[in-house]
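What follows is a single structure, written as structure tokens, with notes after it.
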Amino acid sequence: MKLFTALYDRMLVAARHRHAPWYLGAVSVAESSFFPVPPDVMLMPMVLAKPHRAWQLATLTTLCSVLGGVLGYALGHFAIDAVVPLIERAGHAETWQQVQTLYLEWGIWIVFLAGFSPIPYKLFTIASGFMAMPLLPFIGASLIGRGGRFYLEALLVSRLGSRMQDRVRQSMEWIGWGLVATTAAFYLAL
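Under our numbering, the letters of the sequence shown match residues 6 to 195, in that order.
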């Protein structure tokens, strides 16, 4: 059974759906504050399906992700007493402490880095609110970090996607299971 190849094929079909941008926006908002699936898994197939809309899709993803980041910031600022027990019950108390330490050392740079990299951005949006980072610098760092990531993906997929599509589909099982293994290793390391 080719689990990830079938999911990939379904995602390409879904990427052409007329409501796909709404789904992309919703996933982008949710991922930045509480949802575990990154918007990249929707953005890339959507750009592949409609490369002429790459910049519009990257803009949508960026703005909705930053909006979700502001929601995470509000959670950290106003509801931290309710959020910390959930973090602790999930077994991430030590990670939460590490995030706070990194935040104190790096400030705005850690928000930018978390926005651009695969580091869980949502932890840093919540930490930003908890640590009372000024909102405008938080939004600025988020726009630059998230925008850099999503525009780079859109550029690469729109330029190289059609040439790479067959190779990616052939390798999808390796890619999918590799991501599962990497996520499991990251989780176990934490």
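Note that the Cβ used here is the ideal one computed from N, Cα and C, for glycine as well. No experiment lies behind these values; they were computed from the predicted model shown.
Quick one: using the 10 Å Cβ neighbour count with 16 as the cut-off for buried, is K7 buried or exposed?
So K7 counts as exposed.
Note down, one range per segment and in chain order, each alpha helix (DSSP H) of at least 4 residues found wholly within the stretch 10–76.
Runs found: 25–36 and 45–54.
What whole-angstrom Cβ distance do F129 and A137 have, given they're in contact under 8 Å?
Wrong, their Cβ atoms sit about 14 Å apart, outside the cutoff.
Is the Cβ-Cβ distance between M16 and P50 less than 8 Å?
It is a contact, given that the beta carbons lie within the stated cut-off.
When the Cα atoms are used, what is the spatial distance from V88 to R172?
Straight-line Cα distance between these residues: approximately 42 Å.
If I measure Cβ to Cβ from H82 and keep anything under 8 Å in the same chain, skipping five residues before and after, which residues do I get?
Cβ within range, chain order: G134, F135 and A137.
Any contact between the stretch 98–111 and the stretch 26–39? By contact I mean 3 or more CB pairs, one from each, below 8 Å.
No, the stretch 98–111 is not in contact with the stretch 26–39.
When the Cα of T67 is compared with those of S176, G152 and S163, which residue comes out closest?
The option with the nearest alpha carbon to T67 is G152.
Less than 8 Å separating the beta-carbons of I92 and A84?
Result no, Cβ atoms of I92 and A84 do not sit closer than 8 Å.
Does DSSP put I92 in a helix, a strand or coil?
If DSSP states are grouped into helix, strand and coil, I92 belongs with the helices.
Where does S122 land, buried or exposed, given buried means 16+ other C-beta within 10 angstroms?
Exposed, by the Cβ-count rule.
Once the 5 residues before and after L148 are set aside, which same chain residues still bring their CB inside 6 Å of it?
Within the same chain, L148 has close Cβ partners V71.
Per DSSP, what kind of secondary structure is K127 in: helix, strand or coil?
Note: K127 maps to helix in three-state DSSP.
Using a Cβ-Cβ cut-off of 6 Å (strictly less than) and excluding sequence neighbours within five positions of G150, which residues of its own chain qualify?
So the list reads F117, G120 and F121, once near-sequence residues are dropped.
Per DSSP, what kind of secondary structure is S122 in: helix, strand or coil?
Of the three classes helix, strand and coil, the one that applies to S122 here is coil, per DSSP.
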